[in-house]
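Peer 1: Following the UniProt record's numbering, the numbering of the sequence shown begins with 1 at its first residue and continues without gaps.
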Amino acid sequence: MKNIGAYISIDETAFSNGDLYTIVTNKKAKGKKGAIIAMVKGTKAETVIKILHKIPLKQRKKSQRSNAGYGWKHGTHC
């Protein structure tokens with residue numbers, strides 16, 4: 001997986017049909033090609049963690065710091 005970098009971002013988004021997703025991105029890509037690491041349906045931490053654990057440990061260790069959206073920082077995610 002080439003998308004993982006030292007700095008990642010975890011944010012929530014809602015689509016027009018009401019579905020909530022958690023999007024994990026490589027901050028260095030600045031929204032361009034290769035920015036998305038994972039896109040997970042829902043916002044439950046357990047679900048997102050389960051999906052992220054599918055990424056090989058060696059790749060996950062590349063990340064040094066993550067910035068999380070408001071809901072993740074303040075425990076208000078569903």
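Every residue, glycine too, gets a C-beta built ideally from N, C-alpha and C.
Here the structure is a predicted model, which is why all the values come from computation and not from measurement.
1) Rank I10, A68 and R65 by C-alpha distance to the C-alpha of I37 and give the top, closest one.
2) When you compare the segment 48-56 with the segment 27-34, are there three or more beta-carbon pairs, one atom per stretch, that lie closer than 8 Å?
3) Spatial neighbours of G5 within its chain, please: C-beta separation below 6 Å, excluding the five flanking residues on both sides.
4) Grouping DSSP H, G and I as helix and E and B as strand, with all else coil, what is A6?
5) What does the Cβ neighbour count give for N17, buried or exposed, with the cut at 16 atoms within 10 Å?
Peer 2: Checking against the coordinates, here is how it stands:
1) I10
2) no
3) N26 and K28
4) coil
5) exposed
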